[in-house]
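Undergrad: Below are the structure tokens for one structure; questions will follow.
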Amino acid sequence: MSCCILSRKLHVFKQSTFSFSILRTYCSKSLGLWNNDLDESIKKKIEEHWKHKLKRFRYDPEDNKREKFYVLSMFPYPSGKLHIGHVRVYTISDSIARFHRMQGKNVFQPMGWDAFGLPAENAAIERGVSAESWTSDNIKTMKDQLMDLECSFDWDSELATCHPGYYKFTQDIFLRMYHAGLVYQKETLENWDPVDKTVLADGQFCENGRSWRSGAKVQKKPLRQWFIRSTKFAKSLYEGLDSPILENWRDITKVQKHWIGECNGTVIEFPISGSGDDNTLSVWTDKAEHIARSKFILLAPGSLLDRMYPGEMNRKLNIEATNPITGEKLPIYVAGKLDEEDTSAQPDCKLGIPDASVSDREYARLFGLTVDESSPLLADDLEERDRICARAASEGIGGHQVSSTLRDWLISRQRHWGTPIPIIHCQQCGSDSSRETDTMDTFVDSSWYYLRYTDPRNQEMAFNKESANKLVPVDIYVGGKEHAVLHLYYARFVSHFLHSIGWLKEKEPFKRMLV
Amino acid sequence: MGKTFRVKGTGRYVKEHEVEKVGKKLVEKGTGAAIVQTWEKMSKSKHNGVDPKQMLNDYGVDSTRLLTLADVSPTSSRNWNEQTFPGVLKWQHRLWLTIRNFQAARNERDNLQRSNTFDEQEAFVWDSRNFYLKGATYCYSFTHQLSVAISKMQGLTGSLRKSSKDVIALSGEFERALAVQIVMLAPIAPHFASELWSGFKETPGRIDKNPGEIKWDCPLVEQAWPETDDLYKLDLNFMVNNHLKSSLKVARCELHSLSKSNVESMALNDPAVTSSIHNRPIIDVKYKLFPGCEATINFITLKSDKKSDDCKDDEYLAQKA
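So this is what it looks like as structure tokens:
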């Protein structure tokens, strides 16, 4: 009698521990092929023999004795089949998980699917199948492949970001950000992929200006888009990289710090007049205390307003911005860097304060503005700077600390197969309304999946705070280097946000990165 | 990265089986065109992808897992080169032979006598088990360089296979070391290691020198991760400004009981440490115990190049592995 049949029969007499010990002894016998040389056929016999006998481990949420250990591996996009990079990541993660189990830890090693995205839509168009069925077929194939690899995942916690049971909570988190004042809509100049017909975030195209996905030359196009004010957490995210809970992040810390940039200034919203709409201009300055002395606003070449009102370099635009502190109207100029050798990035939009900055004085001369050449430069006043920033923050017009180059998170995508942005537009209550048709960047889906794993069937909340806080921060996060910038940044941002509303005890989501 | 073949001049991609070696040069079969071999990002059009399905089919699950992890650390970009495969596959066979020889020697145990090198060999096996266990544990827990963990395991196999028949059959230390060998392999190759474990347990003449260490009634994957012996000497490293100055060998049990201040005064009695500190004020002392593996104390003094400190910590960890 084969062991499997015995196992099935014994299943009926579950209460009999006696039978189980017989089963265990019986099952753990070797095949006795020791006198044969080890070749591929014997290896396969061994694997066939042990496949169903290896213990299926799972995390025990009730166990408070053993130390928890959360091994997370970056979940795959269900493209159709595993590639060798997946095999490597999941073998590493599984070996580490098995090691920690043998060290007596209560290991949690979940798996799921980053299931929204363009390839499903393209496949649907090319083959006439629905994106949903294409995706679920692929998940099935790839899950079988992962099972073949004998990865000891907690399959009970499996999830897919395209399931309504998941994405309604992606929407829930979005709405919580909305109510916290972190979501806004704005017309901006965006990176437009003419082949995939969608907007791309900074970093989703390469240095030669081509889309990573489609390879098309990216165009600049003005569009009204949804944003998450991730820059509000810039300082917290920058400083979090020095948190003592992070172990051995090495060059990832540098990559993240480089992306966020040193938070040595602030952004304040200036209303634009004469443009015919209600847009504001996000103006960066590192001398907010002298905002009352500002004389102009400087736009980098190629920014939205430069494109909307084209002309020569070093010109004044026919619109003005209003200083929100003084109510004074300020001219807007488009100009490049003063020093062409300067390799640092130019802020898109910077406040010009000739009384406080040497370079602003030079710009003022360039634009023909009157400058009091004899007066010394104003000194920094950190107390006043904090006061102005706090005032801007309380008025909801910015004031948070941020680097000159970091932008907010553009999450609008003009695609069908994604998490719908849960907004209904209406002029006034009772009038005709229309549902937002944009969907979210898939980086939103993958920014919180490791939290959903801790409570994947909860239909009331994104996750139970208590069960999540028992498991996070993740002890080790295994994945590809290519996700050490954007994915990691967005996941950290959402974690810092959820910490700020009291859902998470710890700001940082991942203790150790293995990429 | 995948091994890639291109026709010299045109840059056309060709499949590996369309390439042959003529003398020392690679040429395309049929045309005889010169071929250049490079490493490029894998893609279908370059015919350089490794299909996991094919690998599972050719080598089985456990060998695929081992081959994926061996030779290259997780943080480096992987060059797929089948040339490195035989080493891993041979090692699996050596493990297989180790069980075969273990069973054979044990079956003859009544006719065997201890040779005069028995004690010496047993001491070597004791030391090897501790040495390689310490190394593999350090990789699994701290550096996560599983390729290095595999080479530690291979090191232990080398030591075990030096043992003479009487040691294999009659030594309790050999039995302990073989158990550790199989347990260490379990996280990476669970099926193959389980089979080795069953072969190990079924062998007659069990000695069980350290009762409780091996859970004889439990399958392999439920074994506890083994510990280095209390009397085995581990490294206590003394560093100044992230540079290793000297180190002491301290028995595991003693090392675990030392407090940071104990270690600090031990280190400050070492002339190599004091001369490096060179009377500069100490601004920070970092102490870290890696249980069962080693411990390191690091004195940071004033005037050290603060900027390079952070990364050197990590470099040190990487070097250790």
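First to last, the sequence lines map onto chains A and B.
Just so you know, the first sequence maps onto residues 1 to 515 in the UniProt record's numbering.
Just so you know, the second sequence maps onto residues 1 to 321 in the UniProt record's numbering.
Glycine included, each C-beta is placed from N, C-alpha and C at the ideal position.
These numbers come from a predicted model, not from an experiment.
Look up serine 500 of chain A in the DSSP assignment and say whether it is helix, strand or coil.
TA: For the purposes of this step, residue 500 of chain A is identified with residue 500 of the first sequence, where counting begins at 1. Serine 500 of chain A: helix per DSSP, three-state reduction.
Undergrad: Quick check on DSSP: helix, strand or coil for valine 515 of chain A?
TA: Within the first sequence, numbered from 1, the residue matching residue 515 of chain A stands at position 515. Coil, per DSSP.
Undergrad: Go through the stretch 399 to 462 of chain A residue by residue and report every complete run of the alpha helix (DSSP H) that reaches 4 residues or more, in order.
TA: If we require 4 residues or more, the alpha helix (DSSP H) runs fully inside the stretch 399 to 462 of chain A come out as 442 to 445 and 449 to 452.
Undergrad: If the cut is a Cβ gap below 9 Å, which residues of chain A does aspartate 62 of chain B touch?
TA: If you number the second sequence from 1, residue 62 of chain B lands on position 62. The answer, in chain order, is Lys43, Ile46, Glu47 and Glu150.
Undergrad: By Cβ distance, which residues of its chain are closer than 8 Å to threonine 343 of chain A, with the 5 residues on each side in sequence left out?
TA: For this step, residue 343 of chain A is matched to residue 343 along the first sequence. So no residue of the chain qualifies.
Undergrad: Consult DSSP for tyrosine 90 of chain A and reduce its assignment to one of helix, strand or coil.
TA: The sequence position of residue 90 of chain A within the first sequence is 90, counting from 1. Correct three-state label for tyrosine 90 of chain A: helix.
Undergrad: For cysteine 151 of chain A, I'd like the list of residues in its chain whose CB is within less than 6 Å of its CB, leaving aside the five on either flank, ordered along the chain.
TA: Here residue 151 of chain A corresponds to residue number 151 of the first sequence, with the count starting at 1. The residues are Tyr90 and Asp94.
Undergrad: Let me know the beta strand (DSSP E) ranges lying completely inside the stretch 201 to 244 of chain B, each 3 residues or longer, listed in chain order.
TA: Whole beta strand (DSSP E) segments, 3+ residues: 233 to 240.
Undergrad: Which residues in chain B have a C-beta closer than 9 Å to the C-beta of glutamate 126 of chain A? List them in chain order.
TA: One-based indexing of the first sequence puts residue 126 of chain A at position 126. In chain order: nothing, as chain B lies at least about 17 Å away.
Undergrad: For aspartate 475 of chain A, decide whether its Cβ has a neighbour in chain B, counting only Cβ atoms nearer than 9 Å.
TA: By 1-based counting over the first sequence, the position of residue 475 of chain A is 475. Taking Cβ atoms only, chain B never reaches closer than 9 Å to aspartate 475 of chain A, which makes this a no.
Undergrad: What is the rounded straight-line gap between the Cα of tryptophan 197 of chain B and the Cα of isoleucine 182 of chain B?
TA: Within the second sequence, the letter at position 197 stands for residue 197 of chain B. Within the second sequence, the letter at position 182 stands for residue 182 of chain B. Distance between the alpha carbons of tryptophan 197 of chain B and isoleucine 182 of chain B is about 6 Å.
Undergrad: What number of angstroms, rounded off, separates the C-alpha of arginine 6 of chain B from the C-alpha of lysine 24 of chain B?
TA: Residue 6 of chain B sits at position 6 when you count from the first residue of the second sequence. Residue 24 of chain B sits at position 24 when you count from the first residue of the second sequence. Rounded to the nearest angstrom, the two C-alpha atoms are 16 Å apart.
Undergrad: Between which two residues does the alpha helix (DSSP H) harbouring tryptophan 50 of chain A extend?
TA: Residue mapping note: residue 50 of chain A aligns to position 50 of the first sequence, counting from 1. It spans 40 to 51 - the alpha helix (DSSP H) in which tryptophan 50 of chain A sits, taken as one unbroken run.
Undergrad: Which same chain residues, not among the five before or five after alanine 136 of chain B, have their C-beta less than 7 Å away from its C-beta?
TA: As a first step, residue 136 of chain B must be located in the second sequence, where it is residue number 136. Closer than 7 Å at Cβ, skipping near neighbours: Ala149, Lys152, Met153 and Met184.
Undergrad: According to DSSP, simplified to helix, strand and coil, what is proline 52 of chain B?
TA: For the purposes of this step, residue 52 of chain B is taken as residue 52 along the second sequence, with counting starting at 1. DSSP places proline 52 of chain B in helix when its eight states are reduced to three.
Undergrad: Hey, aspartate 355 of chain A and histidine 290 of chain A are a contact pair by Cβ (cut 8 Å); roughly how many whole angstroms apart?
TA: As a first step, residue 355 of chain A must be located in the first sequence, where it is residue number 355. As a first step, residue 290 of chain A must be located in the first sequence, where it is residue number 290. Confirmed, Cβ separation roughly 7 Å.
Undergrad: Flag this pair as yes or no: are the beta carbons of lysine 410 of chain A and threonine 188 of chain A separated by less than 9 Å?
TA: Here residue 410 of chain A corresponds to residue number 410 of the first sequence, with the count starting at 1. Here residue 188 of chain A corresponds to residue number 188 of the first sequence, with the count starting at 1. According to the sequence displayed, residue 410 of chain A carries leucine and not lysine. In contact: leucine 410 of chain A and threonine 188 of chain A (Cβ atoms closer than 9 Å).
Undergrad: Once you ignore the five residues that flank alanine 216 of chain A on each side, which residues in its own chain have a CB closer than 8 Å to its CB?
TA: Residue 216 of chain A sits at position 216 when you count from the first residue of the first sequence. Same-chain partners within the cutoff: Asp193, Pro194, Val195, Asp196 and Arg210.
Undergrad: May I ask you to list, following chain order, the residues of the stretch 204 to 221 of chain A that have a beta carbon less than 8 Å from some beta carbon of chain B?
TA: Residues: none.
Undergrad: Please determine, among B/Phe299, B/Ile282 and B/Asn279, the residue with the shortest C-alpha to C-alpha distance to lysine 288 of chain B.
TA: Here the question's residue 288 of chain B lines up with position 288 in the second sequence. Ranking B/Phe299, B/Ile282 and B/Asn279 by Cα distance to lysine 288 of chain B puts B/Phe299 first.
Undergrad: Leaving aside the five residues before and after glutamate 294 of chain B along the sequence, list all residues of the same chain whose C-beta is less than 6 Å from its C-beta, in chain order.
TA: On the second sequence, residue 294 of chain B is found 294 positions in, with the first residue counted as 1. Taken in chain order, the residues that qualify are Leu234 and Asp235.
Undergrad: Mind checking if tryptophan 126 of chain B is an interface residue toward chain A, Cβ cutoff 9 Å exclusive?
TA: Residue 126 of chain B sits at position 126 when you count from the first residue of the second sequence. Cβ-Cβ to chain A under 9 Å: no for tryptophan 126 of chain B.
Undergrad: Name, please, each residue of chain B whose Cβ falls closer than 7 Å to the Cβ of leucine 31 of chain A.
TA: The residue you call residue 31 of chain A lines up with position 31 of the first sequence. Result: Glu195.
Undergrad: I'd like to check one pair, isoleucine 476 of chain A with valine 71 of chain A: are the Cβ atoms closer than 9 Å?
TA: Reading the first sequence from its first residue, position 71 is the one you call residue 71 of chain A. Reading the first sequence from its first residue, position 476 is the one you call residue 476 of chain A. Contact: yes.
Undergrad: Expressed to the nearest angstrom, what Euclidean distance is found between the alpha-carbon atoms of asparagine 269 of chain B and cysteine 139 of chain B?
TA: By one-based count along the second sequence, residue 269 of chain B stands at place 269. By one-based count along the second sequence, residue 139 of chain B stands at place 139. Rounded to whole angstroms, asparagine 269 of chain B to cysteine 139 of chain B spans 31 Å at the Cα level.
Undergrad: Please return the same chain residues whose Cβ sits closer than 7 Å to the Cβ of serine 276 of chain B, not counting the five positions on each side in sequence.
TA: Residue mapping note: residue 276 of chain B aligns to position 276 of the second sequence, counting from 1. Counting only Cβ-Cβ distances below 7 Å, and skipping sequence neighbours, we find Val240 and Lys245.
Undergrad: What ranges does the alpha helix (DSSP H) occupy inside the stretch 193 to 259 of chain A, keeping only unbroken runs of at least 4 residues that lie completely in it?
TA: Within the stretch 193 to 259 of chain A, the complete alpha helix (DSSP H) runs of at least 4 residues are 234 to 240.
Undergrad: How big is the Cα-Cα spacing for serine 21 of chain A and proline 211 of chain B?
TA: Within the first sequence, numbered from 1, the residue matching residue 21 of chain A stands at position 21. Within the second sequence, numbered from 1, the residue matching residue 211 of chain B stands at position 211. Below a pLDDT of 50, predicted positions are generally treated as unreliable, and serine 21 of chain A, at 46, falls in that range; the measurement from the model is reported next regardless. Spanning the two alpha carbons is a distance of roughly 21 Å.
Undergrad: Are the beta-carbon atoms of tryptophan 284 of chain A and glycine 302 of chain A separated by less than 9 Å?
TA: Within the first sequence, residue 284 of chain A is the residue found at index 284, counting from 1. Within the first sequence, residue 302 of chain A is the residue found at index 302, counting from 1. Not in contact: tryptophan 284 of chain A and glycine 302 of chain A (Cβ atoms no closer than 9 Å).
Undergrad: Give the secondary structure of serine 136 of chain A by DSSP, where H, G and I count as helix, E and B as strand, and everything else as coil.
TA: Taking the first sequence and counting its residues from 1, the one referred to as residue 136 of chain A is at position 136. Helix.
Undergrad: Taking only beta-carbon positions, decide if valine 240 of chain B is within less than 9 Å of chain A.
TA: Against the second sequence, residue 240 of chain B aligns to sequence position 240. Valine 240 of chain B does not count as touching chain A.
Undergrad: Mapping DSSP to helix, strand and coil, what is alanine 356 of chain A?
TA: For the purposes of this step, residue 356 of chain A is taken as the residue at position 356 of the first sequence. Note: alanine 356 of chain A maps to coil in three-state DSSP.
Undergrad: Among B/Phe290, B/Leu146, B/Asn242 and B/Ala104, which residue has its Cα nearest to the Cα of threonine 203 of chain B?
TA: Sequence index remark: in the second sequence, residue 203 of chain B carries index 203 (1-based). Ranking the options by Cα distance to threonine 203 of chain B, first place goes to B/Ala104.
Undergrad: Going straight from the alpha carbon of tryptophan 134 of chain A to that of asparagine 191 of chain A, what length do you get?
TA: As a working note, residue 134 of chain A is residue 134 in the first sequence. As a working note, residue 191 of chain A is residue 191 in the first sequence. Roughly 29 Å between the two C-alpha positions.
Undergrad: Do methionine 111 of chain A and leucine 149 of chain A count as a contact pair if the criterion is CB distance below 9 Å?
TA: Reading the first sequence from its first residue, position 149 is the one you call residue 149 of chain A. Reading the first sequence from its first residue, position 111 is the one you call residue 111 of chain A. No, Cβ-Cβ distance for leucine 149 of chain A and methionine 111 of chain A is not below 9 Å.
Undergrad: Considering only residues of the stretch 145 to 180 of chain B, which uninterrupted alpha helix (DSSP H) runs meet the minimum length of 4 residues and lie entirely inside it, listed in chain order?
TA: Those alpha helix (DSSP H) runs which fall completely within the stretch 145 to 180 of chain B and span 4+ residues are 146 to 160 and 165 to 170.
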